[in-house]
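First residue of the sequence shown: 129, per my numbering; consecutive thereafter. Structure first, commentary second.
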Amino acid sequence: MRRALSFGLLIGAAAAVSAAPVSVYYYPWYSGANWDQNKFLRGKNRMNIPPLIGTYDNVVNRVTAKQHIEWSTNFGIDNWICSWWGPNSYQSNAILKNIMPNMVGTNMTFCLFYETSNFYGSNWTFGPTEVQLFYDHIKYMNDNFFSHPNYWKIGGRPVVVVYLSRQMSGNYAEALTRVRKDFNVYLIGDDFHFGPAEPDRHKNWDAITIYNSHGLKTYDGYPKTTGFIEGCRKNFQTHKKALVGTATKLMSNVIPGYNDRAQRLEANNYPIPRKVAADSAEGSTFNQMLTVGLEEGDSAVGTAICSWNEWWEDSEIEPTVVSPPTNVDGTADFTYSKGYMYEGYGATLLKMILAKAGRNATLAPALSVKAPAAAAAWGAGTAQTITWETEGIVYYVNLDYMSAGSWVRIATQTENTGTYKWTVPANATQPVSVRVSTVEGVTFNVSGTVSAANHAGRIALSPQLRSLGGSVSFLHLDGVRGISVLGLSGRIEKTLAVDAESVEWDGRNSAGTRLPQGVYRAVFSGPAGSVAKPLVISR
């Protein structure tokens with residue numbers, strides 16, 4: 129939709145914690161009309177790789193914001209930079225109605241992304257009219273957004289990110305001075321792209337950033353071949369050097385890839401593949417960009433990921449359905465995909481954020497089924513109530529039951545109330561086994577792993593874990609007699625006996641093979657019950 133111009137220790141999860149905030153650009157502009165299945169690469173009529181929660185309406189559907197906030201919190205995103213298109217706009221109403229209320233009580237923050245191109249059109253020369261319009265918009269933000277408890281503030285000053293500030297000319301500095309004086313606002317300008325730094329204009333901003341690092345034709349191709357990622361690092365370093373001696377900070381930029389060809393084919397923009405090379409892993413471009421972004425962004429402003437859900441430019445990291453790679457785009461000559469492979473990546477990119485940053489993910493999500501208990505007598509056709517417990521922020525869950533060796537869906541993205549009334553189907557395997565999972569499927573617990581008799585005692589166990597370089601230290605193991613490490617499928621990769629307060633594990637499975645990096649589950653068992661916690665292995 130946007131116009132393109134040229135673990136330290138967590139409670140329950142180990143990750144490398146970033147010292148700087150991790151932001152994402154968030155677009156609350158989606159309604160039914162904006163999901164044109166021809167106008168974005170992953171649309172039904174191109175590749176059919178939709179969002180995991182399906183297409184959504186940011187104003188009508190409150191579930192959307194809550195699910196996105198849950199994911200952001202649990203995977204280590206600190207802040208949303210929310211696209212704002214003026215007073216009473218659809219986007220503004222979505223923020224007021226669904227984003228602001230649902231952030232209360234979380235560690236998340238948000239700020240506004242001032243969409244200059246919507247207000248000034250092709251006139252980027254600021255005279256009295258433009259200066260006053262800018263002032264009026266910031267005043268509206270002050271009156272309606274800045275006082276919210278979750279609004280992002282730096283040094284007590286509310287943050288506004290200004291799109292394409294590098295296009296501004298005339299008396300725009302006067303506009304910035306006026307709003308700072310009256311509203312104490314912290315202004316981050318999208319003030320550079322590739323090219324030489326302009327310190328005389330950059331110093332007008334509290335911080336500068338590059339909204340999206342796509343652009344130079346020299347980067348047309350796989351990033352490993354073109355040098356795109358190191359080119360981004362050098363660009364950040366060039367501008368940081370130019371800021372020395374000023375108070376202006378640099379917010380770095382991270383993109384997972386880019387492809388806007390289904391939206392604006394006439395521009396003939398080149399795609400940036402999501403893999404650094406043809407034989408690399410899905411998400412490898414994002415993984416390497418994230419490393420650069422975390423290392424180069426100033427600690428006050430950190431890095432900004434473009435984007436959470438800009439589906440029109442295929443820069444989204446929002447979870448998708450899981451599906452195999454394809455380059456089929458509805459044309460005979462791969463007009464839109466340019467032959468590059470795209471797959472339904474699920475929550476892969478969010479796991480990378482958790483592994484590399486994770487500052488906001490202070491309590492990893494965990495779900496534990498209470499009923500049915502092991503060997504519960506739940507006969508076919510009987511009315512029952514599934515119950516479960518939750519740790520951390522989980523707003524919505526999926527429920528499944530076992531039938532002839534396969535999991536069958538009971539409910540998808542249902543409210544996480546801890547209970548669900550259910551009539552046992554005739555084909556349910558006896559004794560009935562039920563699992564509860566987060567919507568993206570990263571954590572789950574199957575009924576029967578904790579029996580009803582000892583379930584109340586599980587809180588007596590308080591083990592912790594640390595992961596470094598693929599090795600894991602299990603700590604505070606009082607009352608723990610065994611540890612099982614499980615993959616997301618539920619397969620037991622390693623079992624460890626415990627006879628001390630701590631246990632070291634080298635990250636190898638029972639066959640002696642080092643486990644690949646990713647998200648696993650550590651189940652701690654003892655006489656008082658069992659506790660399952662997420663375990664992130666990264667190298």
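All C-beta atoms in this analysis are idealised placements derived from N, C-alpha and C, irrespective of residue type, glycine included.
Closest residue to residue i among the options (Cα-Cα distance)
i    : options                : result
A650 : V608, D627, T641       : V608
Y648 : K331, G635, A485       : G635
T547 : V497, W535, S561       : V497
G343 : C360, W333, I177       : C360
D627 : R619, S211, I611       : I611
T510 : V536, N235, P644, P500 : P500
E441 : T454, M236, Y398, K479 : Y398
I205 : S151, N312, G214, V287 : S151
L495 : V290, G474, W506, I514 : I514
V560 : T542, N544, G533, V567 : G533
N202 : G569, L614, L643, R619 : G569
F602 : L663, T305, R308, M236 : L663
G214 : G425, H265, N162, I521 : H265
W208 : P401, M228, Y218, N216 : M228
R642 : Q165, K622, K267       : K622
W535 : T551, A556, W550       : A556
W212 : Y155, A485, N230       : Y155
T542 : L605, N216, Q195       : Q195
A432 : W633, G474, V552, A485 : A485
F414 : K549, P452, R402       : R402
M296 : N278, H330, D310       : H330
C434 : Q645, A504, M530, P384 : P384
N216 : Y464, W157, G284       : W157
G323 : G283, N166, F364       : F364
K478 : A147, D164, L180, L169 : Per the sequence shown, residue 478 should be read as Leu rather than Lys. Among A147, D164, L180, L169, the Cα nearest to that of L478 is on L180.
Cross-strand partners of residue i (DSSP beta bridge)
i    : result
N381 : A432
G317 : V290, I336
Q365 : Looking at the DSSP assignment, Q365 forms no beta bridge with any residue, so it has no partner.
I209 : Y153, C239
F652 : I611, V659
A625 : G610
T551 : A511
R537 : D528
R402 : R402 pairs with nothing; no bridge assigned.
V647 : V664
K281 : P286
R636 : R642
S297 : T253
Y470 : T454
P178 : For P178, which the question treats as bridged, DSSP gives no partner whatsoever.
I620 : L614
Y350 : None; Y350 has no bridge partner.
Y184 : DSSP, once it has assigned bridges, lists no residue as partnering Y184.
T542 : V525
Y386 : I400
Cβ-Cβ separation, residue j to residue i (assumed contact under 8 Å), whole Å
i    : j    : result
G160 : A390 : With a Cβ gap of about 18 Å, G160 and A390 do not count as contacting.
C239 : W280 : 4 Å
A301 : F262 : That belief does not hold up - the Cβ atoms of A301 and F262 are roughly 11 Å apart, past 8 Å.
V382 : G349 : With 8 Å as the limit, V382 and G349 do not qualify as a contact, their Cβ atoms being about 19 Å apart.
P668 : V449 : Since the first and last residues shown for the chain are 129 and 667, residue 668 lies out of range.
V259 : P286 : The Cβ separation is near 20 Å, so there is no contact.
E519 : P493 : 7 Å
F241 : V289 : 5 Å
A446 : Y153 : Residue 446 is actually Glu in this sequence, not Ala. Between Y153 and E446 the Cβ distance is about 11 Å, and since that is not below 8 Å, they are no contact.
G411 : M480 : 6 Å
I336 : T376 : 6 Å
N544 : V562 : So it is not a contact: roughly 15 Å between Cβ atoms.
Y454 : M175 : According to the sequence displayed, residue 454 carries Thr and not Tyr. Between M175 and T454 the Cβ distance is about 6 Å, and since that is below 8 Å, they are a contact.
A508 : A554 : 5 Å
F462 : I400 : That belief does not hold up - the Cβ atoms of F462 and I400 are roughly 16 Å apart, past 8 Å.
N162 : N173 : 15 Å between Cβ atoms; not a contact.
Near the ligand PLP: residue i beta-carbon under 7 Å from a heavy atom
i    : result
T540 : Here there are no bound small molecules, and the ligand PLP is not part of this structure.
is_contact[residue i, chain B] using C-beta, thresh 8 Å
i    : result
F462 : Absence of chain B from the displayed structure is noted, only one protein chain being present.
Does the pairing of the region 461 to 470 with the region 394 to 406 give three or more beta-carbon distances under 8 Å?
The region 461 to 470, when compared against the region 394 to 406, does touch it at the 8 Å Cβ threshold.
With three or more C-beta pairs closer than 8 Å as the rule, is the region 240 to 247 touching the region 184 to 204?
No contact exists between the region 184 to 204 and the region 240 to 247.
Entirely within the region 319 to 343 and at least 4 residues each: give me those alpha helix (DSSP H) ranges in chain order.
Within the region 319 to 343, the complete alpha helix (DSSP H) runs of at least 4 residues fall at 327 to 330.
Please confirm if the region 223 to 232 is in contact with the region 268 to 277, defined as three or more CB-CB distances below 8 Å between the two stretches.
Counting Cβ pairs under 8 Å, three or more are found: they touch.
Secondary structure, beta strand (DSSP E): runs of 3+ residues fully inside the region 413 to 466:
The region 413 to 466 contains these whole beta strand (DSSP E) runs: 431 to 433, 450 to 454.
Please confirm if the region 458 to 465 is in contact with the region 515 to 531, defined as three or more CB-CB distances below 8 Å between the two stretches.
Touching, no.
Cβ contact check for the region 298 to 318 and the region 348 to 367: 3 or more pairs under 8 Å
The answer is no - the region 348 to 367 does not touch the region 298 to 318, with fewer than three Cβ pairs under 8 Å.
Beta strand (DSSP E) runs contained entirely in the region 474 to 522, provided each spans 3 or more residues
Taking only runs of at least 3 residues, the beta strand (DSSP E) segments lying wholly in the region 474 to 522 are 494 to 499, 511 to 519.
Could I get the ranges of all uninterrupted alpha helix (DSSP H) runs contained in the region 214 to 276, with 4 residues as the minimum, in chain order?
Those alpha helix (DSSP H) runs which fall completely within the region 214 to 276 and span 4+ residues are 218 to 222, 228 to 231, 244 to 248, 256 to 272.
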